[in-house]
Amino acid sequence: MDYRAFRQVAPYLDLGFRLALMVVLGLYGGYKLDRRLGVLPLFTIIGSLLGMGGGMYSIYRTVYGRKK
């Protein structure tokens with residue numbers, strides 16, 4: 007069995023999970039901060055946007071960092 011194709015694709019298999027995880031972590035952190043400060047939904051929105059940005063950056067780094 008030839009594993010070369012799998013080794014080439016393997017780094018990209020978790021991209022969706024990585025993006026979802028970053029967004030969920032941002033939402034959770036923002037929600038906890040909102041509850042503590044009493045300014046719901048301000049930091050929940052900020053956290054989700056930061057999580058989305060972090061996830062997109064991680065995907066960008068994975069996809070374009072491998073082309074060098």
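Throughout the sequence shown, residue numbering follows our numbering, covering 7 to 74 in sequence.
Each residue gets a CB set at the ideal place from its N, CA and C atoms; glycine is no exception.
Since this is a predicted model, take the numbers as computed values, not measurements.
Burial state of residue 29 is buried, judged by a 10 Å Cβ sphere holding 16 or more other Cβ atoms.
The C-beta distance from residue 50 to residue 17 rounds to 31 Å, too long to fall under 8 Å, and the pair is not in contact.
In the three-state scheme derived from DSSP, where H, G and I count as helix and E and B as strand, residue 45 is classed as coil.
Between the alpha carbons of residue 45 and residue 55 lies a gap of roughly 17 Å. With a cutoff of 7 Å on beta-carbon distance, residue 31 and residue 57 are scored as near each other.
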